[in-house]
Amino acid sequence: MFNQEQLNAIDTIIKSHLIDSGVENVIYIDLAGNSITQHDNGNSTLDYMAFAALAAGNFAAVDAMAKLIGESEFSLLFHKGEKSSIHFSKVTEDTILITMFPKTISLGIVRLKVAKVVTEINEICSA
Amino acid sequence: MALVNVKTKEVKVKIVYYGPGRGGKTTNLEYINNTYRNQIKSEMVSLKTQDDRTLFFDFLPFDIGRIKGFKVIIQLYTVPGQVKYNATRRLVLKGVDGIVFVADIQKFQRKRNIESLNQLYENLKTHNLDLFELPLVMQYNKVDLANKGEDVIPTKILQQDLNSVLRVPAFEASALGGGNVMKTLKKIISMTLASIQDQLF
């Protein structure tokens, strides 16, 4: 569970690294399907609660598949769409960061920015 | 475990409807969704197979107002009931706060009810959860079939089969017509909120 200071810091990190880089939506969820925090570029009508439940299910299913083939986990998932794509990354043992971005932003940039966010959130959690 | 967000002042509670296949878990959620459509802001999400069976889960979130300044959001889930989907059932149980066990009172389902309840116990153990400690409500569904002359299991036998050790609240229900659907829901919500209040306040 995060305290208010941690939540404020996480919000700042997500805004500065991802939303300010042109990403459309960012949702930070736990593996039970609860949204911890969500941010968008102001043009989103996404149903965050439904999205969080589906994303957690998706991630959990892929995680279970990984175990079946002897992998400890697939820590990164990526779905490519025509206009938007979705990038999933495990942050801590119990949480996932989901980033939705338009085709004008490359996957490489997103991966780089998400990696920074993951590192910084982990620093906050262990502080 | 319920997610408490101290910044947004929200509490998210996960309640899972569990039970054997074709027992009426999805029908419970559909009744709640249809009856309270105007008050529920989100759409119900259903991941179904082509023949209308639950493949992964159904999901229905709604808020029930504020308790001590916290907005309480109830998130209802179902599991797929078919025997082959046990790995999926286990995934849906992650982070569960309360359970409604939907038993099918048709006579030929007697063994499946017991097997499903035993499997629930085992599945919870994989998440380090104990069925005896979690808020749980029994729902004996399809009582309407008794009036139609169908062969059903008497409630006394269901209580012996499923609830003689657990001794949790139980309701006879008819999810299709809505009979006792809301009573079941209210009971599990109140039990779950009581169990997580230490986390909250």
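So the sequences go chain by chain: A and B. Numbering-wise, our numbering puts 18 at position 18 of the first sequence, and it's gapless, one number per residue. Numbering-wise, our numbering puts 118 at position 118 of the second sequence, and it's gapless, one number per residue. Every residue gets a Cβ at the ideal spot worked out from N, C-alpha and C, and that includes glycine.
1) Grab the span of the beta strand (DSSP E) containing LEU3/B for me, first residue to last.
2) Only counting the same chain, and skipping five residues up and downstream in sequence, which positions put a Cβ closer than 7 Å to that of ALA175/B?
3) Is the separation between the beta-carbon of LEU55/B and that of LEU47/B shorter than 8 Å?
4) Between ALA55/A and chain B, is there a C-beta pair that is closer than 8 Å?
5) So what's TYR36/B in DSSP terms, helix, strand or just coil?
6) Are MET100/A and ILE86/A close, meaning C-beta to C-beta below 8 Å?
7) Would you report the Cα separation of ASN177/A and ASN25/A, rounded to the nearest angstrom?
8) Taking a contact to mean a Cβ-Cβ separation below 8 Å, would you say ASP40/A touches THR95/A in this structure?
9) Rank GLY108/A, VAL118/A, LYS67/A by C-alpha distance to the C-alpha of ILE27/A and give the top, closest one.
10) Taking only beta-carbon atoms, is PRO61/B less than 8 Å away from chain A?
11) Report yes or no: is there a C-beta of chain A within less than 8 Å of the C-beta of ASN5/B?
12) Buried or exposed: where does LYS14/B fall if 16 or more other Cβ atoms within 10 Å of its Cβ makes it buried?
13) For THR12/A, count neighbouring C-beta atoms within 10 Å of its own C-beta (all shown protein chains included) and say buried if the count is 16 or more, exposed if not.
14) With DSSP as the reference, please indicate the residues paired to TYR77/B in a beta bridge.
15) Taking the DSSP output, what are the residues bridged to HIS39/A?
16) Assign GLN82/B to one of three DSSP states: helix, strand, or coil.
17) Quick one: which residues of the region 18 to 46 of chain B get their C-beta closer than 9 Å to a C-beta of chain A? List them in chain order.
18) Compare the C-beta of ILE100/A against all C-beta atoms of chain B and say whether one is closer than 8 Å.
19) PHE56/B touches chain A at which residues, Cβ-Cβ below 8 Å?
20) Going by CA-CA distance only, name the one from LYS125/B, PHE101/B, SER164/B that's closest to VAL137/B.
21) Tell me the rounded alpha-carbon separation between LEU77/A and SER89/A.
22) What does DSSP give as the partner residues of ASP205/B in its beta bridges?
23) Mind checking the region 87 to 112 of chain B against chain A and listing, in chain order, the residues whose C-beta falls within less than 7 Å of any C-beta there?
24) Is ARG110/B near ILE153/B, with beta carbons less than 8 Å apart?
25) Under 7 Å Cβ to Cβ from GLU120/A, same chain only, skipping five residues before and after it: list those, please.
On the basis of the data shown:
1) Working through the second sequence from its first residue, we reach residue 3/B at position 3. That run of the beta strand (DSSP E) goes 3 to 5.
2) Against the second sequence, residue 175/B aligns to sequence position 175. Same-chain partners within the cutoff: GLY24, THR27, ASN28, TYR31, ASN141, VAL181.
3) Here the question's residue 55/B lines up with position 55 in the second sequence. Here the question's residue 47/B lines up with position 47 in the second sequence. Cβ distance < 8 Å, so LEU55/B and LEU47/B count as in contact.
4) Mapped onto the first sequence, residue 55/A falls at position 55. Taking 8 Å as the CB threshold, ALA55/A stays off the interface with chain B.
5) Mapped onto the second sequence, residue 36/B falls at position 36. TYR36/B falls in the coil class under three-state DSSP.
6) Along the first sequence, one-based indexing puts residue 100/A at 100. Along the first sequence, one-based indexing puts residue 86/A at 86. Yes, Cβ-Cβ distance for MET100/A and ILE86/A is below 8 Å.
7) Any property of residue 177/A remains undetermined from this structure, which presents chain A solely from 1 to 127.
8) Numbered from 1 along the first sequence, position 40 holds the residue referred to as residue 40/A. Numbered from 1 along the first sequence, position 95 holds the residue referred to as residue 95/A. No, the pair does not count as a contact, with Cβ atoms beyond the cut-off.
9) Locating residue 27/A in the first sequence gives position 27, counting from the first residue. Taking only the C-alpha atoms, the option nearest ILE27/A is VAL118/A.
10) Within the second sequence, numbered from 1, the residue matching residue 61/B stands at position 61. Closer than 8 Å: yes.
11) Taking the second sequence and counting its residues from 1, one reaches residue 5/B at position 5. Closer than 8 Å to some Cβ of chain A, the Cβ of ASN5/B qualifies, so yes.
12) Position 14 of the second sequence holds residue 14/B. Classification for LYS14/B: buried.
13) By one-based count along the first sequence, residue 12/A stands at place 12. Under this definition THR12/A is an exposed residue.
14) Residue 77/B sits at position 77 when you count from the first residue of the second sequence. As a beta-bridge residue in DSSP terms, TYR77/B pairs with VAL16/B, PHE59/B.
15) Here the question's residue 39/A lines up with position 39 in the first sequence. HIS39/A pairs with VAL26/A.
16) Looking up residue 82/B in the second sequence gives position 82. Residue state, collapsed to three classes: coil.
17) Residues of the region 18 to 46 of chain B that bring their beta carbon within less than 9 Å of a beta carbon in chain A comprise LYS41, SER42, GLU43, MET44, VAL45, in sequence order.
18) Start at 1 with the first residue of the first sequence, and residue 100/A comes out as number 100. Inspection of the sequence shows that residue 100/A is occupied by Met rather than by Ile. With 8 Å as the cut-off, MET100/A does not count as an interface residue toward chain B.
19) In the second sequence, the residue the question calls residue 56/B occupies position 56. Neighbourhood of PHE56/B in chain A, by CB distance below 8 Å: GLY57, ALA61, in chain order.
20) Mapped onto the second sequence, residue 137/B falls at position 137. In terms of Cα proximity to VAL137/B, the closest of LYS125/B, PHE101/B, SER164/B is PHE101/B.
21) In the first sequence, residue 77/A corresponds to position 77, counting from 1. In the first sequence, residue 89/A corresponds to position 89, counting from 1. Their Cα atoms are separated by approximately 7 Å.
22) Coverage of chain B is limited to positions 1 through 201, which leaves residue 205/B absent and any answer about it impossible.
23) Against chain A - using a Cβ distance shorter than 7 Å - the residues of the region 87 to 112 of chain B are ALA87, LEU91, LYS94, GLY95.
24) By 1-based counting over the second sequence, the position of residue 110/B is 110. By 1-based counting over the second sequence, the position of residue 153/B is 153. Against a cut-off of 8 Å, the Cβ pair of ILE153/B and ARG110/B comes out as a contact.
25) By 1-based counting over the first sequence, the position of residue 120/A is 120. The answer, listed in chain order, is ILE13.
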